[in-house]
Amino acid sequence: MALREVKVCLLGESGVGKSSIVQRFVHDTFKPALESTIGASFMSKTLTVDEKTYKYQIWDTAGQEKYRALAPMYYRGAAAAVIVYDVTNESSFGVLKDWIKELQRHGPQEIVIAIAGNKCDLADLREVQYKDALAYAEQTNAIFVETSAKNATNVSEMFEAICRKLPDE
Ligand code: GDP
Ligand code: MG
Numbered sequence: 001m002a003l004r005e006v007k008v009c010l011l012g013e014s015g016v017g018k019s020s021i022v023q024r025f026v027h028d029t030f031k032p033a034l035e036s037t038i039g040a041s042f043m044s045k046t047l048t049v050d051e052k053t054y055k056y057q058i059w060d061t062a063g064q065e066k067y068r069a070l071a072p073m074y075y076r077g078a079a080a081a082v083i084v085y086d087v088t089n090e091s092s093f094g095v096l097k098d099w100i101k102e103l104q105r106h107g108p109q110e111i112v113i114a115i116a117g118n119k120c121d122l123a124d125l126r127e128v129q130y131k132d133a134l135a136y137a138e139q140t141n142a143i144f145v146e147t148s149a150k151n152a153t154n155v156s157e158m159f160e161a162i163c164r165k166l167p168d169e
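Just so you know, we're using UniProt numbering here: the sequence shown kicks off at 1 and counts up by one.
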């Protein structure tokens, strides 16, 4: 059976948990002290959804402002983008909105966008309400999930949802 290759990039403010989400998805592990990403890193992972097999080519970018100009290299030709914010950090949600606008203006036409509200295990520290993020995602036609890379909540589910939303080849 044919394997569908899916290029995906992770975008979002530094420290929101992009690399931790990738670690959880690819290796099913969580390391509390991951080294911060320099530039971008690449990993791949194969998964089967609805009897179709997908090979994710995952570009995990660094969130720092100094690397921002490099982002187009990673979302160019991407089938999907995962934009991550931290539910305990309101300003990271503002950064997410900037990334969405940039993708809408300069990203691939049919790119599937998933919004991940990460660190949902930290309920007591929450600053961004679920319903507000959901309303924003609906308005931008994006997939929306709250994730915890730490507790493995909704990480593989999010990548499965992306597969289901890819346009037919
Ligand atoms: P990145 O800069 O977006 O790649 O973020 P990292 O993956 O390096 O994570 C930044 C920090 O947040 C690290 O200390 C992680 O251990 C922590 N972190 C990441 N995901 C979660 C999560 O789901 N829950 C909690 N509690 N901490 C997390
Ligand atoms: Mg990182």
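Note that beta-carbon positions come from the ideal geometry of N, C-alpha and C, so glycine has one too.
Note that the coordinates shown come from a computational prediction; the quantities given were computed from them, not determined experimentally.
In this structure, DSSP gives Gly77 a state outside helix and strand, which the three-state scheme calls coil.
Assignment of Asp50 by DSSP, reduced to helix, strand and coil, places it in the coil class. By the criterion of at least three beta-carbon pairs nearer than 8 Å, the region 71-89 is in contact with the region 100-111. Nearest to Asn141 by C-alpha distance, out of Arg24, Ile100, Val155, Lys131, is Ile100. Per the DSSP secondary-structure output, Phe144 pairs in a beta bridge with Ile115. Under the Cβ criterion (8 Å, minimum of three pairs), the region 5-23 does not count as touching the region 121-135.
Cys120 is positioned such that its CB atom lies closer than 7 Å to that of Val87. The ligand GDP has a heavy atom closer than 6 Å to the beta-carbon of Asn118. Counting along the chain, Glu5 sits inside the beta strand (DSSP E) bounded by residues 3-11. In this structure Lys18 is buried. Its beta-carbon is surrounded by 16 or more other beta-carbon atoms within 10 angstroms. Looking only at Val49, Thr53, Leu47, Ser14, the smallest Cα-Cα distance to Leu34 is reached by Ser14.
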